[in-house]
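Colleague: The structure follows.
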Amino acid sequence: CSLPFVQTVESEGRHYDCDFLPFMEIGSVAHKYYLINIRLPVNDRKGINVGIGEIKDIRVVGIHQNGGFTKVWFAMKTFLTPSILIIMVWYWRRITLMTRAPVLLEKVIFALGISMTFINIPVEWFSIGFDWTWMLLFGDIRQGIFYAMLLSFWIIFCGEHMMDQNERNRLSGYWKQVGPIAVGSFCLFIFDMCERGVQLKNPFYSIWTTEVGTELAMAFIIVAGICLCLYFLFLCFMVFQVFRNISGKQSSLPAMSKARRLHYEGLIFRFKFLMLITLACAAMTVIFFIVSQVTEGHWKWGDITIQVNSAFFTGIYGMWNLYVFALMFLYAPSHKNYGEDQSNGDLGVNSGEELQLTTTITHVDGPTEVYKLARKEAQE
């Protein structure tokens with residue numbers, strides 16, 4: 001702190017010009033009132049608080065959730081948790097009804113649903129009556145697991161629709177892409193434990209209180225933002241490859257009968273629409289992560305210039321749930337057989353079309369049609 005006036009009798013009662021200093025964060029509100037004792041010890045040897053005079057007033061800035069946002073947030077979590085659980089049970093039941101083993105894409109979608117359920121569980125209800133000091137750390141861990149699963153899913157989701165038949169359905173084929181995501185998530189966990197973990201014992205500790213800690217935190221935000229932007233560009237490239245691959249399959253559609261052609265045109269349209277939704281969801285997720293980190297940093301280092309509407313946070317959260325719900329609904333294995341009955345009933349089917357249909361049609365025990373249609377080489 002500095003006093004922009006000369007310490008005279010006339011300047012008595014004026015305020016010191018101080019930088020913002022992070023004080024503490026509370027993850028639960030188990031008590032109606034909180035009493036805070038603040039000490040300003042004097043250290044003559046280090047020159048701390050020497051000759052500051054009698055302090056009569058200290059200005060403290062408090063940031064909290066308003067009642068309206070809290071009600072909406074709790075209501076969303078309470079409603080969305082059973083919704084995702086129900087679609088997860090339905091999705092996995094349809095997979096278990098198959099005589100084949102689940103393919104990699106189906107397993108990853110189910111794992112994404114589990115991570116979404118984990119972040120949906122409304123444990124915030126218990127923070128009202130229980131003094132759980134670990135709620136902030138638990139929330140960061142939940143969000144970190146979901147981020148890692150979501151980023152890994154997008155890589156596998158695009159890769160499974162552009163790989164050759166002999167390369168797909170193997171998690172080991174994605175170690176170059178998923179490995180860095182896992183390592184980065186672990187590093188972020190260690191970084192978070194350096195602050196949240198220490199706060200379990202000392203709630204007043206903050207990495208932003210020191211100059212070195214502030215620089216490290218700022219470097220983390222910048223590097224994380226750059227990495228996420230590069231990830232999004234790589235994802236756009238993969239989606240472009242998938243679109244080019246699926247467009248090549250459309251060249252065989254004119255040789256099909258009208259009913260069969262319309263069926264596959266609808267599949268391809270829905271698939272392309274889902275890929276565009278994936279890109280939009282990825283872009284909003286990257287923006288949300290960067291904005292949330294920058295906003296938290298502005299609270300810590302005192303430059304409070306960013307105001308984020310609560311509708312943005314609830315909108316991103318709802319978007320994640322709708323996206324996961326749509327994935328499990330659209331990629332649930334089909335139990336319908338579009339094979340011989342429809343083909344034989346159409347007089348326009350020739351031998352060339354039958355060969356094409358046997359490579360892309362959904363059998364009772366086969367994966368989804370889009371999954372088989374989007375591969376590079378037709379299985380002979």
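So for the sequence shown, full-length UniProt numbering puts the first residue at 1; every next one is plus one.
Cβ coordinates follow ideal geometry from the N, Cα and C atoms, glycine included.
Does the distance from the CB of LEU274 to the CB of LEU235 come in under 9 angstroms?
Modeller: no
Colleague: Terminal residues of the continuous alpha helix (DSSP H) containing TRP208?
Modeller: Careful: TRP208 lies outside any alpha helix (DSSP H) and carries neither H nor E.
Colleague: Could you tell me whether the Cβ atoms of GLY113 and TYR91 are closer together than 9 angstroms?
Modeller: yes
Colleague: Let me make sure I understand the geometry here. Which of MET24, PHE20, PRO180 and ILE58 has the alpha-carbon closest to that of ARG14?
Modeller: ILE58
Colleague: Can you give me the Cβ contacts of GLU380 inside the same chain, cut-off strictly under 6 angstroms, excluding the 5 residues immediately before and after it?
Modeller: Note that GLU380 has pLDDT 35, beneath the 50 cutoff, so the model's placement of it is unreliable and no number is given.
Colleague: Put ASP17 into one of helix, strand or coil per three-state DSSP.
Modeller: Note: ASP17 maps to strand in three-state DSSP.
Colleague: Would you check if the distance between the CB atom of VAL183 and the CB atom of ILE155 is smaller than 9 angstroms?
Modeller: no
Colleague: How big is the Cα-Cα spacing for PHE20 and THR285?
Modeller: 30 angstroms
Colleague: Taking the CB atoms as reference points, tell me whether SER185 and GLU195 lie closer together than 9 angstroms.
Modeller: no
Colleague: For the 8 angstroms Cβ check, are there 3 or more pairs between the region 221-232 and the region 250-267?
Modeller: With a cut-off of 8 angstroms, the region 250-267 and the region 221-232 do not count as touching, because too few Cβ pairs lie within range.
Colleague: Work out the CA separation of CYS187 and THR214 for me, nearest whole Å.
Modeller: 17 angstroms
Colleague: Can you give the Cα-Cα distance for VAL61 and PHE204, rounded to whole angstroms?
Modeller: 15 angstroms
Colleague: To the nearest whole angstrom, what separates the beta carbons of VAL29 and SER127, a pair I think is in contact under 8 angstroms?
Modeller: 7 angstroms
Colleague: Using CA atoms only, rank isn't needed, just tell me which of GLY225, CYS281 and LYS272 is closest to GLY315.
Modeller: CYS281
Colleague: Any idea what DSSP makes of ILE48, helix, strand or coil?
Modeller: strand
Colleague: What are the boundary residues of the alpha helix (DSSP H) that TRP92 is part of?
Modeller: 67-96
Colleague: Could you give the DSSP three-state label for SER257: helix, strand or coil?
Modeller: coil
Colleague: Are the region 26-42 and the region 135-154 touching, with three or more C-beta to C-beta distances below 8 angstroms?
Modeller: yes
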